[in-house]
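A quick write-up on the structure given underneath.
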């Protein structure tokens, strides 16, 4: 019941070219995907604030809520902001690394206590030690939204003029401090020094 | 001892698969009858070995042998017996073993129900299926061994993910895999045709039943997944265009185009090369889906844990199999000969309509693929992290399917090769008008979402009337209905029911979340939802807060629902079990939120009109596929 | 990177270590604080049905920034609770949907939108399917034209539905 063999018509070259391009394009994309999938930070959301001014805020101090600190007051020198909570297990993990870094006194390390009962937070600091020069308290979490915080712990580096330079999501490790934070801090301090030295010469 | 037996069975199955792949294909090329004869017994042997291996893994779960790593990770001593069976396919290694078993089942089915196939064709088909089996068995043995030991054996296992401790897990993956994997059969037939250099009506009579059955199972599998997500996940959604959902939908779209293309090729002898290409594409998308879900390339709640080694393996296999198939296609498709230029047709003909049908389905398939891969592509091109979700997919899918729905009733009524547009238009115009009228009525009667409601009613009515018009034509003619026709009617009827459900639920659903104290009620959409308190319950492996919600309408009690919040002993994570009052006209769906103190609770209530029609429609579509496959014509030699 | 009591449907479990080892490690951790972040579980209060409907529609277009692909409406994550509250507050302050979306994009990036903006960067995404469809339609027209030129009278003995 089959038809007699009529004319053989090869596929149009256009179709073959498109097919080949599509096949290899898709394959390439999949290879890229597989290579990336092994990276531990593949799901991390990069910060939308890099290069932009840190959000303006006024928050109470954990140890004395009658004292309020505003973002303006922190300008003039860079600072590292560490978002943590006593309910957060990974914050406990990174605590030694953060403490070690804070003890170098290279830059102010400011704590940002997020969605925590003050009593629990204070107890946590007592038991583990307080590496922070200052701890801000954001119980409601309203200001954290302005910072683009998604989870704890997260760490920001803000330069002297109040611009966010670096953000890390997750527990800090010594490796991250050495390979990311310190180089970024070097850059920030260098550009700050440059800005200082390019003052116009006195008449 | 037993797990090692499982490993031996797997390795033996691999050896058998290699034989099944190599000998029959070579034999078919050279005409060695003895080698070709290896195909059938090899397929049966593979099936037996894989049933054995699967049985061993099941036994390990049922007896709670935590010395097997996979069992330790996915089970625990408190897991109820029923879920110990389904936990076998609850994670990557076991579900892959299920994949291999289902493939072996299809192998066996083809070996069994192929009396009318010439030896050479059967050898080629089973040979190709053997190649695929080799790939999956190798993948299992070398990267995902379900029988790997964990020594020393822990006293207690981790647990089956609580989301999976549900009857849905028992049936959704097997059904889904039957469909997914089933596309290997038309693929194998397509390769056999390319190797043979011939596609004729006989070839199509062999292929069509397998394709329709596979598509039927895939439809059921997807529908079950949707239904399960609806009642299990707690927020009342039935489709999220999640990458893993899309991974199963892509082969479905290609498969739907394929069955229609096969119909044209069988009856008219044309489009043979399109049919072959679609057969390759459908299985390619199945493999791509398997890759996407298991490699960790895409982010999804459904996906298995990321493992680049596994991803690389599947990718290489995928590239070789599909690359090889496409190469063969490029070289041989032109010489097929049955794409017969003598079989011409006019612009107004069923051929054109089916071409349009396939174009729209293919465009939808491409769109879903693009949307699913776009975040990865954007990342690769340095465009940053982009999200593509339901607003994108929903909008574009609707735009592409609208013309398809409009043209659907014309298909069965328009003649092959040449027809007059006025004829079909005259037959259907009054029904179109009626559908629009019903839509207009719905527009004015809808309490909300008037436009969507009208669209849903019009679309569903149009397809339903159009399909009924065909029945009437047929009854007035010679009155005979072949199984193929009945299948078509069921499937198109299913489309109408599905359209009604999907569009109406999106238009008319209502969602409220309120704080209720015991004794307080929520009035919503004419229902009264009375909160009667929450008590504490102990399940086999969890503790639950169990709510009591009384549903009333016009002061008449309809149901007493028990939404729960469960904490599982193994992980402590909270699971929400919704309470659902299900009716054909709609569901009342209640879930517990958080406790608010003083016995008050946050309660979420969804009213979902016509939501069951979605799965009913899908059920009809699947049934249509099965009925079509049963047509006596396909069993002719 | 954990968050307070992850409420999103979890990723499939990664291969577990010996459970005994985990338990031992856990026992060493001082059980200091409550394991939950401060959060207000009362349901959001809408001023009317229209506002509620608008809120649900908007929340469905936004992505939970912490989860494995869930919308802001559906997620139980802590940050999702907070962001829902924020979105409702902004809505009640009179901002329109576009402004609210921009507010979130400024803080979390374009990732937070499930409907990617229709700009030059996403042109492939939004216009690709249309281009494909047009191309396909062109092929269809070409095929139909070619076939209609090859028309032969049909042999009625083959007439079959």
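Protein chains in written order, with the numbering used here: chain D, 1 to 203; chain C, 1001 to 1637; chain V, 2001 to 2161.
Yeah, the Cβ is synthetic: ideal placement off N, Cα and C, and Gly gets one too.
Check	Outcome
Contacting positions in the region 94-119 of chain D - beta carbon closer than 8 Å to chain C	none
Residue 1424/C versus residue 2135/V - alpha carbon distance	28 Å
Local conformation of residue 2095/V per DSSP, three classes	coil
Min CB distance residue 2133/V to chain C below 8 Å	yes
C-alpha distance - residue 2060/V paired with residue 1248/C, whole-angstrom precision	23 Å
Contact set for residue 2091/V: own chain, Cβ-Cβ below 8 Å, skip 5 residues either direction	2051, 2054, 2055, 2058 and 2100
Inter-residue CB distance, residue 153/D and residue 129/D (contact presumed, cutoff 8 Å)	The Cβ separation is near 16 Å, so there is no contact.
Three-state secondary structure assigned by DSSP to residue 1301/C	coil
Beta-carbon proximity of residue 1590/C to residue 1602/C, cut-off 8 Å	no
Short CB-CB distance (under 8 Å) between residue 2107/V and chain D	yes
Members of the region 62-91 of chain D that neighbour chain C once the beta carbon cut-off is set at 9 Å	none
Assigned secondary structure, residue 1599/C (DSSP; H/G/I helix, E/B strand, else coil)	coil
CB contact below 8 Å: residue 129/D versus chain V	no
DSSP-derived helix/strand/coil call for residue 1210/C	helix
Beta-bridge pairing of residue 1515/C - partner residues as DSSP gives them	1602/C
Outcome for residue 1608/C when other beta-carbon atoms lying within 10 angstroms are tallied against a minimum of 16	buried
CB contact check: residue 170/D to chain C, cutoff 8 Å	no
Residue 1458/C, buried or exposed, once every other Cβ within 10 Å from all chains shown has been counted against 16	buried
Cutoff 8 Å: residue 1242/C Cβ touching any chain V Cβ	yes
Residue 1378/C at chain D interface by Cβ criterion, 8 Å	no
Inter-residue Cα distance where the pair is residue 2045/V and residue 1378/C	38 Å
Spatial neighbours of residue 1149/C in its chain, beta-carbon cut-off 6 Å, leaving aside the 5 residues before and after	1067
Whole-number beta carbon distance between residue 1126/C and residue 1209/C, since they are thought to touch under 8 Å	Wrong, their Cβ atoms sit about 17 Å apart, outside the cutoff.
CB contact below 8 Å: residue 37/D versus chain C	yes
Alpha-carbon to alpha-carbon, residue 1391/C and residue 1241/C	9 Å
Cβ neighbours of residue 1179/C in the same chain (closer than 6 Å, five flanking residues each side left out)	1214, 1217, 1218 and 1221
Closer than 8 Å to chain C by CB, residue 13/D	no
Cβ pair residue 2116/V, residue 1366/C closer than 8 Å	no
N-terminal and C-terminal residue of the beta strand (DSSP E) that residue 155/D is part of	154-158
Inter-residue Cα distance where the pair is residue 1169/C and residue 1090/C	8 Å
Residues of its chain near residue 1321/C, where Cβ-Cβ distance is below 6 Å and the 5 sequence neighbours each way are ignored	none
Three-state secondary structure (DSSP) of residue 79/D	strand
Pick from 192/D, 60/D, 102/D and 82/D that is closest to residue 159/D, judged by C-alpha positions	192/D
Status (buried if at least 16 other CB within 10 Å, exposed otherwise) for residue 1510/C	buried
Continuous beta strand (DSSP E) stretch holding residue 1551/C: start and end	1542-1553
Three-pair Cβ contact test at 8 Å for the region 1395-1413 of chain C versus the region 1433-1450 of chain C	no
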